[in-house]
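The opening position of the sequence shown corresponds to residue 379 in the working numbering, with each subsequent residue numbered one higher.
Every residue gets a Cβ at the ideal spot worked out from N, C-alpha and C, and that includes glycine.
Following: one structure in structure tokens, then a few remarks.
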Amino acid sequence: MSSASEHFANVEALSAFRQEVADFLGANWQPKTSDKGLFRQAAVERGYLYRNVPKAYGGSEQAPDLARAQIIQEEFNRVRAPMEVPGVGYGMLVPTLLGCAEPWQKERFIAPTLSGEIRWAQGYSEPNSGSDLASIRTRARLEGDEWIIDGQKIWSSGADKAHFMFMLVRTEPQASKHAGISYLLVDLRQPGITIRPLRQINGSEEFSEVFFDGARTPATWIVGARGEGWKVSKTTLSAERSGFMGAAETSVTLHRKLVELAQRCQLDGRPAIDDPRVRDRLIQLEGMVSAHFHNMQRQFALRLAKQEPGNVALMNKLIVTRIAAEVADIARDILGNDFMLSPFGREAEAGPEKWLNQYLGSLGMAIAGGTSNIQRNVIAERGLGLPRDNVATS
């Protein structure tokens, strides 16, 4: 078969696959009445969700296929059907367990995580250990067949609603910073653990600080070898930055809604969309969104090929942070006084308050998942081979 024939055959196959997915959604998903759990189970059985997870652990175990994965995402988003259970469990822990855990740990934790039966929180950052994560002070000492944990974690997403936490602790206090860290799984529903939600500037409380005072976890609930938690954690952090893949679709949606806002609102006595300054910014934003979308496909392809996305993931995280800020800035300028005088919070669903919520939320994205300045340094030094920053000393 010629290359041209192969190309057209592949196009036809993908078109047929798209129709197959659309037919499945039409038969199995009704936004107002369908049960999400039953729908996800049916989608897994058809091979549409959890494609990278073996069937033995609750996944659909499909061969890596960027084009089909993209079609699934597009079709599910088109009808607003739920994809994988959101959260750090599937997005961050499951890839770590698949790559680093013992077989029994995979069997114990992966399937109930995929189904949403158990929810997870991340325990990495501490009050004095954010960008310099290797300086963590939370300690765990081994007593008999249990680890005893003392310390504090902060910025733990969803910890107040989570059942378990995957966390970094210092188990070898005499070792160097990176060599003395281990990766533990901990049940949050026990004495010795206090969880306090943190109220953010936009009114939400999605993050918490978590205190450990003699909390316990089985000695076997360690992922990877003792003292090798830093190596394991890099798998988790890479997965977290890959989690910004969904942000590509979100960026496209935000740009579309911003254009609709500019069409509805008046600016200086005319529709904002007719203002050349607004149009210019929207066009520049569209270029950023398009670049982000295609670069995310590049990152996705590396993942499917079982290659580390490395600097590609870091660049995409920087891009989505920039897009979020630019979207909020343009909305602010279009709405004027209505923007800053609106109520905000999780109840904000439409109108100016939605954009204020977007603006306030975007302020933290330069820190979430690793600060933008630190990531620029990593890209420069490890990706481009530039010299390290000169560190000022007093």
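task: Would you be able to state if there are at least three C-beta pairs under 8 Å between the stretch 626-636 and the stretch 661-673?
output: yes
inquiry  = One question on the structure: do residue 605 and residue 540 come within less than 9 Å of each other, judged by their Cβ atoms?
reply    = Here residue 605 corresponds to residue number 227 of the sequence shown, with the count starting at 1. Here residue 540 corresponds to residue number 162 of the sequence shown, with the count starting at 1. Contact flag unset, no.
query: Quick one: is residue 763 buried, meaning 16 or more other Cβ sit within 10 Å of its Cβ, or exposed?
result: Here residue 763 refers to the residue found at position 385 when the sequence shown is read from its first residue. The residue in question, residue 763, is exposed, as its Cβ has fewer than 16 Cβ neighbours within 10 Å.
Next item on the list: My understanding is that residue 566 touches residue 542, with C-beta atoms under 8 Å, so please give their C-beta distance in whole angstroms.
Entry: Here residue 566 refers to the residue found at position 188 when the sequence shown is read from its first residue. Here residue 542 refers to the residue found at position 164 when the sequence shown is read from its first residue. Between residue 542 and residue 566 the Cβ distance is about 6 Å, and since that is below 8 Å, they are a contact.
Q) Buried or exposed: which applies to residue 505, given that a residue is buried once 16 or more other Cβ atoms fall within 10 Å of its Cβ? A) Within the sequence shown, residue 505 is the residue found at index 127, counting from 1. With fewer than 16 Cβ atoms within 10 Å of its Cβ, residue 505 is classed as exposed.
>> Looking at the secondary structure, which residues open and close the alpha helix (DSSP H) in which residue 704 lies?
In response: Locating residue 704 in the sequence shown gives position 326, counting from the first residue. From DSSP, the alpha helix (DSSP H) with residue 704 extends over 689-713.
- Query: How big is the Cα-Cα spacing for residue 611 and residue 656?
  - Reply: As a position in the sequence shown, residue 611 is number 233, starting the count at 1. As a position in the sequence shown, residue 656 is number 278, starting the count at 1. Whole-angstrom Cα-Cα distance: 43 Å.
- Item | Sheet register partners of residue 575 (DSSP bridge) | Taking the sequence shown and counting its residues from 1, the one referred to as residue 575 is at position 197. Residue 575 pairs with 586.
(message) With H, G and I counted as helix, E and B as strand and the rest as coil, what does DSSP make of residue 757?
(response) Translated into the one-based positions of the sequence shown, residue 757 becomes position 379. Helix at residue 757.
Item to check | Rounded straight-line distance, which links the Cα of residue 405 to that of residue 529 | outcome: Reading the sequence shown from its first residue, position 151 is the one you call residue 529. Reading the sequence shown from its first residue, position 27 is the one you call residue 405. Their backbone Cα atoms lie some 50 Å apart in a straight line.
Between residue 648 and residue 397, what straight-line distance do the alpha-carbon atoms span, to the nearest angstrom? The residue you call residue 648 lines up with position 270 of the sequence shown. The residue you call residue 397 lines up with position 19 of the sequence shown. When rounded, the separation of the alpha-carbon atoms in residue 648 and residue 397 is 43 Å.
Margin query: With a threshold of 8 Å, are at least 3 pairs of Cβ atoms found where one atom belongs to the stretch 691-706 and the other to the stretch 729-746?
Written below: yes
Could you spell out the range, first to last residue, of the alpha helix (DSSP H) harbouring residue 450? On the sequence shown, residue 450 is found 72 positions in, with the first residue counted as 1. Run containing residue 450: 444-456, per the alpha helix (DSSP H) assignment.
query: Within the chosen definition, does the stretch 510-524 reach the stretch 594-608 through at least 3 CB pairs nearer than 8 Å?
result: yes
Exercise. Straight-line CA distance for residue 485 to residue 732?
Worked result: Locating residue 485 in the sequence shown gives position 107, where the first residue counts as 1. Locating residue 732 in the sequence shown gives position 354, where the first residue counts as 1. Cα-Cα distance, rounded: 41 Å.
Self-check item: Residue closest to residue 590, alpha-carbon to alpha-carbon, out of 547, 601, 577
Solution: Taking the first residue of the sequence shown as position 1, residue 590 is located at position 212. Ranking the options by Cα distance to residue 590, first place goes to 547.
Problem set entry | Cβ shell of residue 651 (< 6 Å), same chain only, five flanking positions each side left out | Locating residue 651 in the sequence shown gives position 273, where the first residue counts as 1. Around residue 651: 640, 641.
Taking the alpha carbon of residue 663 as the reference point, which residue from 399, 691, 698 has its own alpha carbon closest? Reading the sequence shown from its first residue, position 285 is the one you call residue 663. Taking only the C-alpha atoms, the option nearest residue 663 is 698.
Cut-off 8 Å between Cβ atoms - residues of its own chain near residue 689, not counting five sequence neighbours on either side: Numbered from its first residue, the sequence shown carries residue 689 at position 311. So the qualifying residues of the chain are 756, 757, 760, 761.
Count the other C-beta atoms from every protein chain shown that fall within 10 angstroms of the C-beta of residue 399, then say buried if there are 16 or more, exposed otherwise. If you number the sequence shown from 1, residue 399 lands on position 21. It is buried - the Cβ of residue 399 has at least 16 other Cβ atoms within 10 Å.
Proximal residues to residue 431 (C-beta, below 8 Å), its chain only, five neighbours per side dropped: Locating residue 431 in the sequence shown gives position 53, counting from the first residue. So the list reads 437, 438, 439, 472, 476, 488, 492, once near-sequence residues are dropped.
Mapping the DSSP letters down to three states, classify residue 495 as helix, strand or coil. Mapped onto the sequence shown, residue 495 falls at position 117. Reduced to three states, the DSSP call for residue 495 is coil.
Exposed unless 16 or more other CB atoms sit within 10 angstroms - verdict on residue 775
The structure shown does not extend to residue 775, since the chain is modelled only from 379 to 772, so the question has no answer here.
Measuring CA to CA, which of 394, 456, 538, 712 is closest to residue 501?
Indexing the sequence shown from 1 puts residue 501 at position 123. Selected option, being the one with the closest Cα: 538.
* To do: Specify, as a first and last residue, the run of the alpha helix (DSSP H) that residue 476 falls within.
  => Sequence index remark: in the sequence shown, residue 476 carries index 98 (1-based). Segment 472-478, the alpha helix (DSSP H) holding residue 476.
Practice task
Quick one: residues in its chain with C-beta nearer than 8 Å to the C-beta of residue 394, no 5 flanking neighbours on either side, listed in chain order?
Solution key: Here residue 394 corresponds to residue number 16 of the sequence shown, with the count starting at 1. Counting only Cβ-Cβ distances below 8 Å, and skipping sequence neighbours, we find nothing.
Quiz item: Near residue 613, what residues of its chain come up, given a Cβ to Cβ distance below 7 Å and the 5 sequence neighbours on each side ignored?
Solution: Here residue 613 refers to the residue found at position 235 when the sequence shown is read from its first residue. The residues are 473, 474, 477, 478.
- Looking at the structure shown, is residue 766 part of a helix, part of a strand, or coil, going by DSSP? Position 388 of the sequence shown holds residue 766. Assigned with DSSP and collapsed to three states, residue 766 falls in coil, not helix or strand.
Label residue 766 either buried or exposed according to how many other C-beta atoms from any shown protein chain fall within 10 Å of its C-beta, with 16 as the threshold for buried.
In the sequence shown, residue 766 corresponds to position 388, counting from 1. Under this definition residue 766 is an exposed residue.
**Asked** By Cβ distance below 7 Å, which residues in the same chain neighbour residue 712 in space, the five residues on each side in sequence not counted?
**Response** Position 334 of the sequence shown, counted from the first residue, corresponds to residue 712. Exclusion of the five residues before and after residue 712 leaves 639, 640, 643, 645, 650, 656 as the residues of its chain whose Cβ lies within less than 7 Å of its Cβ.
| request: Drop a sphere of 10 angstroms on the beta-carbon of residue 531, count the other beta-carbons inside from all chains shown, and report buried for 16 or more, exposed for fewer. | output: Counted from its first residue, the sequence shown places residue 531 at position 153. It counts as buried.
Segment limits, alpha helix (DSSP H) that includes residue 416
Your numbering for residue 416 matches position 38 in the sequence shown. Counting along the chain, the alpha helix (DSSP H) containing residue 416 begins and ends at 414-423.
Self-check item: Sequence-distant residues of the same chain with beta carbon closer than 8 Å to residue 407, five excluded per side
Solution: Within the sequence shown, residue 407 is the residue found at index 29, counting from 1. Around residue 407: 417, 457, 459.
| field | Own chain residues within Cβ distance below 8 Å of residue 552, not counting five before or after | value | To locate residue 552, count along the sequence shown from 1; it is residue 174. So the qualifying residues of the chain are 558.
Quiz item: What do you get for residue 389, buried or exposed, if any count of 16 or more other CB atoms within 10 angstroms of its CB means buried?
Solution: Here residue 389 refers to the residue found at position 11 when the sequence shown is read from its first residue. The residue in question, residue 389, is exposed, as its Cβ has fewer than 16 Cβ neighbours within 10 Å.
Rounded C-alpha distance that separates residue 707 from residue 737: Stepping through the sequence shown from its first residue, residue 707 is reached at position 329. Stepping through the sequence shown from its first residue, residue 737 is reached at position 359. Roughly 7 Å separates the two Cα atoms.
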